[in-house]
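Enquirer: Chains A and B, in that order, are what the protein sequence lines are.
If you use my numbering, the first sequence corresponds to residues 1 to 909, in order.
If you use my numbering, the second sequence corresponds to residues 910 to 974, in order.
Each residue gets a CB set at the ideal place from its N, CA and C atoms; glycine is no exception.
What you are looking at is a predicted structure, and each value in this text was computed from that prediction instead of being measured.
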Amino acid sequence: MLSGGVIIGASFAYLLILFAVAYFGDRRADQGRSIIANPWVYSLSLAVYCTAWTYFGSVGRAASGGIWFLPIYLGPTLGLALSWLIVLKMIRIAKTHRITSIADFVASRYGKSHLLGGLVTIIAVVGTVPYIALQLKAISSGYALLTGDHDTNFRTLHLGGWLQDSTLYIALTLAAFTILFGTRHLDTTERHEGMVAAIAFESVIKLFAFLAVGVYVTYVLYDGIGDIYARALAHPDLSSLMSFDGAGQAGYGGWFSLMLLAMLSIIFLPRQFQIAVVENVNEQHLRRASWMFPAYLLAINIFVLPIALGGLLHFGQGTVDPDTFVLTLPLVHDQAGLALLVFIGGLSAATGMVIVETIALSTMVCNDLVMPLLLRRTGVARGEGRDLTGLLLAIRRGAIVMVLLLGYLYFRLAGEAYALVSIGLISFAAVAQFAPAMLGGMYWRGGTRDGALAGLLAGFVVWGYTLMLPSFAKSGWLDISLLTAGPFGVEWLRPEQLFGLTSLDSLSHALFWSLLANIGCFVGVSLLRSPTGAEASQATLFVDVFRRGVATPASFWRTGAEVRELIPLVARFLGQRRTRDAFSTYARTHGLSSPDQLKADPELVNFAETLLAGAIGSASARVMVSTVVQEEPLGLDEVMNILDEASQVRAYSHQLEEKSLALEAATRELRAANEQLKEYDRLKDDFMSSVTHELRTPLTSIRALSEMMLEDPKTDLANRKRFLGIIVSETERLTRLVNQVLDMAKIESGHAEWHNSDVDMHELVEHAVDATAQLFKDRGAVVEMALAEQVPVLRADHDRLLQVMINLLSNAAKFVPANAGKIKVALGFNDDEIRVDVTDNGIGIPPELEPVIFEKFRQGGGERARPQGTGLGLPISKQIVEHFGGRLWVSATTDKGATFSFVLPRPSA
Amino acid sequence: MRKGLAGQRLVAVFLVGVMLFNFPLLSLFDRPVLVFGIPLLHVALFCAWVGLIALMAWIAERGAR
């Protein structure tokens with residue numbers, strides 16, 4: 001039996017030590033020599049999971065269910081195995097976006113939604129308040145046991161009036177302590193090094209105290225674990241604790257539900273999120289914690305069964321509350337000192353939980369519930385330069401007191417009604433509702449704000465109906481017939497057998513229905529529409545956090561912000577000094593000597609928003625930043641810029657594509673040009689060989705005749721004359737050929753000289769016919785003329801056109817049959833053109849040759865029947881006619897002669 | 910390590926744990942047999958737990974090097 005003074009003195013001494021540890025931790029953090037920056041402290045601080053519920057309740061649960069206390073610790077072990085996948089990602093996301101609570105995480109993920117943040121906060125508060133009540137109850141009943149305020153079965157006697165109730169003072173003391181720990185100042189990262197150090201210290205204390213009582217019971221009161229089991233096995237009442245379902249528990253399904261629940265809570269309990277994610281110093285610490293923390297759980301659970309069995313053996317079943325065995329066993333053996341140590345251990349378990357939980361909740365309440373409401377009132381948002389750090393701290397402190405008082409209220413109203421373990425499980429089931437929205441948000445881009453809202457709301461409602469409501473009914477606040485007969489007598493709505501589902505225990509039942517409703521609504525509503533821009537951009541930032549590294553999120557506030565407005569805005573929430581420090585550091589990292597030189601570019605705006613997000617949550621930070629920059633809300637240009645940014649990569653690849661297309665086109669053109677060049681080269685070769693061939697023929701005959709005359713001096717005069725005549729004509733042909741080749745080359749290269757004058761085509765055609773009259777006479781051909789009178793005068797080179805006419809006429813003369821030739825020359829004109837036709841009755845031109853007769857050295861009549869001529873006449877004529885903008889063509893039929901025609905355009909009037 | 914071998918090993922350990930701690934493997938141990946005077950169920954669960962933690966420690970610390 002201990003006096004109240006001793007216990008209170010010891011408790012306060014303990015709390016002072018705790019505070020000293022915290023103070024030391026904060027001091028070292030300020031000096032930059034953090035004591036929590038190692039994986040051991042991180043692992044120990046994670047053990048805040050083990051609350052008074054573990055400390056006292058595990059034994060109680062083991063006393064009634066044997067091995068059934070274990071899933072609550074096996075689940076976290078499995079969860080930690082996956083932590084390297086899930087928690088690491090959460091840490092990275094939270095660090096990148098300065099996320100400081102679960103509410104902030106969810107709100108930020110789904111487009112920085114105030115509504116969502118508020119809902120998560122409410123669920124967290126409602127789900128956690130009973131859990132806090134549980135801690136208060138543990139401390140209160142422990143105190144009552146130690147002071148002897150109990151009956152012979154160690155059941156706590158009456159509760160006094162409200163003001164005489166020590167639990168109220170415990171709650172208030174804890175509130176003061178939490179305020180000292182958690183809200184001494186505002187930090188942009190919401191990190192509390194001193195608090196973490198204190199929590200790690202508490203974890204050591206509670207483990208030590210529990211192991212101490214375990215060793216005492218097992219090895220002092222009994223002869224080791226084997227002895228306890230031997231005695232228990234001999235006890236027929238206790239044999240049911242040795243097998244899996246002998247204790248009338250919930251079967252393998254219920255076992256699995258418990259494990260799943262515990263696995264989810266190790267990640268989604270607000271205090272676990274605070275410690276594991278927000279307070280994390282280095283993500284590498286998670287590596288050691290992933291096995292250290294399960295090892296801690298193992299250590300604190302080793303003596304649970306021995307203590308439970310030992311207590312049952314000592315007190316018998318149904319007398320002393322098994323939840324108190326750790327205290328009552330030392331007490332009945334007059335080990336007051338040990339009992340005090342155990343009480344301090346329980347105190348550390350309870351205070352650790354309360355401190356971290358209320359800090360986490362106060363951050364949520366402040367950032368996601370109160371701030372958004374305050375910010376709606378423009379007075380606060382625009383308040384001229386007023387420092388809001390005080391207001392923020394006051395809100396947080398108020399939230400801490402409120403949460404603890406709510407816990408106390410719950411304890412007063414329901415504290416005696418329900419066993420510790422049930423309250424804990426109700427809380428676990430509440431926070432399990434965060435899992436779909438958070439896990440879905442981290443791994444699925446399709447989740448939308450509406451989906452998350454619907455899922456959370458549905459899960460929360462079903463949780464309240466199937467778990468919270470029955471607990472109220474069992475506490476006697478509601479008519480118990482609600483459970484047995486259903487609301488309004490509707491049997492299929494019975495909260496613990498919803499829709500007649502009777503084969504599950506109440507926890508599994510609630511977990512199944514709430515998660516089914518939650519996941520169903522989350523996925524279903526999300527799939528109703530595609531995510532909006534804000535949701536999609538946040539989704540990418542969350543899902544791809546590893547791929548992007550420390551990418552800055554696209555800011556919607558592009559321009560219009562002034563540095564001189566931004567800094568005071570941040571200072572209002574963070575205080576002048578911290579703000580100055582933060583911006584100075586930022587300026588230095590950007591190579592500037594002071595913050596005054598900063599430009600309010602998107603990066604700086606984003607930096608300010610992130611700073612604010614640490615203090616007031618991401619959704620509120622966005623609203624606040626928007627008050628400074630809202631003079632220029634998202635204009636068309638900004639939207640275009642954002643779109644540009646977003647589609648930069650796409651645009652870049654588009655450019656690449658265009659370039660490669662252009663390259664392809666250029667290649668194609670080059671190839672075509674190359675082909676043409678090759679063709680020209682081939683043509684040139686052909687031309688050269690044709691020319692040399694044409695030159696060789698007359699040269700050969702000249703040479704042959706000359707040699708004959710040279711070698712045979714006896715050649716008679718007549719022959720000599722004949723030979724010389726041939727030589728002269730061949731020489732003339734050569735001269736003509738060379739002239740024509742030169743002519744052709746000149747025309748083709750554009751170097752020909754043109755002597756333009758007024759040309760009367762009538763006169764020109766007659767002239768040409770006169771000039772060729774001898775040719776036709778030689779061939780015995782008749783020329784017929786049909787020439788229009790009054791032909792318009794052309795501006796052209798007379799001699800060249802004459803050359804064309806003579807060429808056409810001489811061609812006709814060559815191909816008409818001897819002595820039966822008929823040549824018709826026609827001249828006409830219309831409004832546009834003057835037309836000349838030269839028709840013969842010669843051998844004609846086979847259709848396949850028609851296209852080629854205008855090519856150089858091609859002549860009609862085939863190779864054998866090759867008449868005299870150079871093969872350049874027609875190509876030259878064609879070039880001349882085309883030079884004056886006309887056309888030259890042939891229309892011919894085999895055997896019936898051919899008509900060569902050309903038109904020349906009339907000069908425009 | 911996240912996407913490396915250690916991460917995959919931890920996932921495998923998780924799956925092994927889920928199997929060991931649940932029906933039907935769990936039911937294999939639920940029989941009235943004593944090991945060192947302690948029911949097989951209790952010994953088996955704690956041993957599996959210890960084994961799992963040892964495995965996780967080995968994986969995590971090995972990857973740390």
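Classify residue 517 of chain A as helix, strand or coil using the three-state DSSP reduction.
Expert: If DSSP states are grouped into helix, strand and coil, residue 517 of chain A belongs with the helices.
Enquirer: Run the CB neighbour count on residue 392 of chain A, radius 10 Å, all protein chains shown included, and call it buried at 16 or more, exposed below.
Expert: buried
Enquirer: Counting Cβ pairs closer than 8 Å, one from the region 528 to 535 of chain A and one from the region 446 to 461 of chain A, do we hit at least three?
Expert: Under the Cβ criterion (8 Å, minimum of three pairs), the region 528 to 535 of chain A counts as touching the region 446 to 461 of chain A.
Enquirer: Report yes if the C-beta distance between residue 888 of chain A and residue 804 of chain A is below 9 Å; otherwise report no.
Expert: Yes, they are a contact pair.
Enquirer: With a Cβ-Cβ cutoff of 9 Å, do residue 917 of chain A and residue 507 of chain A count as a contact?
Expert: Outside the shown range of chain A, which is 1 to 909, sits residue 917 of chain A, and nothing can be said about it.
Enquirer: Identify whether residue 577 of chain A lies in helix, strand or coil by the three-state DSSP scheme.
Expert: helix
Enquirer: In angstroms with no decimal places, state the Cα-to-Cα distance between residue 823 of chain A and residue 782 of chain A.
Expert: 6 Å
Enquirer: In chain B, which residues lie less than 7 Å from residue 259 of chain A when you measure between Cβ atoms?
Expert: 930
Enquirer: Taking the alpha helix (DSSP H) that residue 815 of chain A belongs to, which residues open and close that run?
Expert: From DSSP, the alpha helix (DSSP H) with residue 815 of chain A extends over 798 to 815.
Enquirer: Would the beta-carbon of residue 36 of chain A fall within 9 Å of that of residue 279 of chain A?
Expert: Yes. Within cutoff.
Enquirer: Taking only three categories from DSSP, how would you classify residue 840 of chain A?
Expert: DSSP places residue 840 of chain A in strand when its eight states are reduced to three.
Enquirer: Kindly list, in the order they appear in chain B, the residues whose Cβ is closer than 7 Å to that of residue 513 of chain A.
Expert: None at all; the shortest Cβ gap to chain B is about 21 Å.
Enquirer: Quick one: grab the DSSP three-state call for residue 853 of chain A.
Expert: Three-state DSSP puts residue 853 of chain A in coil, outside helix and strand.
Enquirer: Output the boundary residues of the beta strand (DSSP E) element that contains residue 899 of chain A.
Expert: In the DSSP annotation of this structure, the continuous segment of the beta strand (DSSP E) that includes residue 899 of chain A starts and ends at 898 to 905.
Enquirer: Using 8 Å for Cβ pairs, my map puts residue 110 of chain A next to residue 441 of chain A. What's the rounded Cβ distance?
Expert: The Cβ separation is near 7 Å, so the contact holds.
Enquirer: Between which two residues does the alpha helix (DSSP H) harbouring residue 828 of chain A extend?
Expert: For residue 828 of chain A, there is no enclosing alpha helix (DSSP H); the residue is found in the beta strand (DSSP E) stretching over 822 to 829.
Enquirer: Could you confirm whether any beta carbon from chain A is found closer than 9 Å to the beta carbon of residue 923 of chain B?
Expert: Yes - at least one Cβ of chain A is within 9 Å of the one on residue 923 of chain B.
Enquirer: Use the C-beta contact count for residue 696 of chain A: other C-beta atoms within 10 angstroms, 16 or more gives buried, fewer gives exposed.
Expert: exposed
Enquirer: Using only the alpha-carbon positions, how far apart do residue 504 of chain A and residue 493 of chain A sit?
Expert: 15 Å
Enquirer: Within 9 Å of any Cβ in chain A, is that where the Cβ of residue 914 of chain B sits?
Expert: no
Enquirer: Report the residue ranges of all alpha helix (DSSP H) runs contained in full by the region 471 to 531 of chain A; include only those spanning at least 4 residues, in chain order.
Expert: If we require 4 residues or more, the alpha helix (DSSP H) runs fully inside the region 471 to 531 of chain A come out as 481 to 484 and 506 to 526.
Enquirer: Tell me the DSSP secondary structure of residue 818 of chain A in three-state form.
Expert: coil
Enquirer: Could you check if residue 68 of chain A is buried or exposed, using at least 16 other CB atoms within 10 Å of its CB as the buried criterion?
Expert: buried
Enquirer: Using the rule of at least 16 other Cβ atoms within 10 Å of the residue's Cβ for burial, across every protein chain shown, is residue 7 of chain A buried or exposed?
Expert: buried
Enquirer: Quick one: grab the DSSP three-state call for residue 598 of chain A.
Expert: coil
Enquirer: Going by C-alpha to C-alpha distance, which of A/476, A/477 and A/500 sits closest to residue 486 of chain A?
Expert: A/500
Enquirer: Can you give the Cα-Cα distance for residue 103 of chain A and residue 405 of chain A, rounded to whole angstroms?
Expert: 22 Å
Enquirer: Within 10 Å of its beta-carbon, does residue 53 of chain A have 16 or more other beta-carbons around it, so buried, or fewer, so exposed?
Expert: The residue in question, residue 53 of chain A, is buried, as its Cβ has 16 or more Cβ neighbours within 10 Å.
Enquirer: Using a Cβ-Cβ cutoff of less than 7 Å, which residues in the same chain neighbour residue 567 of chain A once the five nearest sequence positions on both sides are dropped?
Expert: 579, 583 and 595
Enquirer: Enumerate in chain order the residues of its own chain whose CB-to-CB distance from residue 727 of chain A is below 6 Å, with the five nearest sequence positions on each side excluded.
Expert: So the list reads 702 and 705, once near-sequence residues are dropped.
Enquirer: So which residues on chain A does residue 960 of chain B lean against when the C-beta distance must stay under 9 Å?
Expert: Residues of chain A with a Cβ closer than 9 Å to the Cβ of residue 960 of chain B do not exist, since the nearest Cβ in that chain sits about 11 Å away.
Enquirer: Any beta carbon from chain B within less than 9 Å of residue 67 of chain A's own beta carbon?
Expert: yes
Enquirer: Nearest to residue 310 of chain A by alpha carbon, out of A/227, A/340 and A/252?
Expert: A/227
Enquirer: Given this structure, state the Cα-to-Cα distance separating residue 509 of chain A from residue 502 of chain A, to the nearest angstrom.
Expert: 8 Å
Enquirer: Please tell me whether residue 244 of chain A has its Cβ less than 9 Å away from any Cβ of chain B.
Expert: With 9 Å as the cut-off, residue 244 of chain A counts as an interface residue toward chain B.
Enquirer: At a Cβ threshold of 9 Å, is residue 222 of chain A touching chain B?
Expert: Look at residue 222 of chain A: its C-beta is not under 9 Å from any C-beta on chain B.
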